[in-house]
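Q: My structure is below; once you've seen it, I'll send some questions.
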Amino acid sequence: SGFCESSGILYLCIKVAQQITNDESMSMEKTYAYEVEKIFTSWYSSLCYFAFRYVQDDETARGIVQEVFVRLMEKRQAFQSEQHLKNFLYLTIKNDCLNHLRNRLSREHYLSYLRMPDDRNGNFQPAEKSNRKITPGMP
Numbered sequence: 124s125g126f127c128e129s130s131g132i133l134y135l136c137i138k139v140a141q142q143i144t145n146d147e148s149m150s151m152e153k154t155y156a157y158e159v160e161k162i163f164t165s166w167y168s169s170l171c172y173f174a175f176r177y178v179q180d181d182e183t184a185r186g187i188v189q190e191v192f193v194r195l196m197e198k199r200q201a202f203q204s205e206q207h208l209k210n211f212l213y214l215t216i217k218n219d220c221l222n223h224l225r226n227r228l229s230r231e232h233y234l235s236y237l238r239m240p241d242d243r244n245g246n247f248q249p250a251e252k253s254n255r256k257i258t259p260g261m262p
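What follows is the structure, given as structure tokens:
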């Protein structure tokens, strides 16, 4: 098994595409889904590796790439060239990775705040039982 295996993911993208279509546009949607499938198959591993370089977690990287492809299927965006599409994918994945890292950092910062000592002796109390008041300039 290689890095960022795509088993089942493409099926997910195609199912999303089928859910958002109506009978009149089905052939156009099938064409779009086929084109996205080709791109997905060709670029998935390299996009996962790109995402992994930011988030340092294989599962998170795959999730980000998969979500970008799902959004691509939902929006049915047209691109002037393959290079425009490639730029879009890499930029979107980069932004999603940075958002993930920012959200994780915010969550970790908040959790560390909840675990701060409540007195000068270093005793910890759960946040909901804390009597600590926030005063500017006071530790």
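Numbering (my numbering), first residue to last: 124 to 262.
Glycine included, C-beta positions come from ideal geometry on N, C-alpha and C.
Please read all numbers here as calculations on a predicted model, not as lab measurements.
Between residue 184 and residue 177, what straight-line distance do the alpha-carbon atoms span, to the nearest angstrom?
A: Answer to the nearest angstrom: the Cα atoms are 8 Å apart.
Q: Pull up the distance between the alpha-carbon of residue 214 and that of residue 230, whole angstroms please.
A: If you take the alpha carbons of residue 214 and residue 230, they lie about 24 Å apart.
Q: Taking the alpha-carbon positions, what's the residue 175 to residue 181 distance?
A: For residue 175 and residue 181, the distance between alpha carbons rounds to 6 Å.
Q: Could you give the distance in angstroms between the alpha-carbon of residue 198 and the alpha-carbon of residue 238?
A: So the alpha carbons of these two residues sit roughly 42 Å apart.
Q: Write down the C-beta distance between residue 263 and residue 211 rounded to the nearest angstrom, noting that I regard them as a contact closer than 8 Å.
A: The displayed coordinates of the chain run from 124 to 262. Any statement about residue 263 would go beyond what the structure contains.
Q: From this set, 150, 166, 151, 154, which residue's C-alpha is nearest residue 206's C-alpha?
A: Per the Cα distances, 166.
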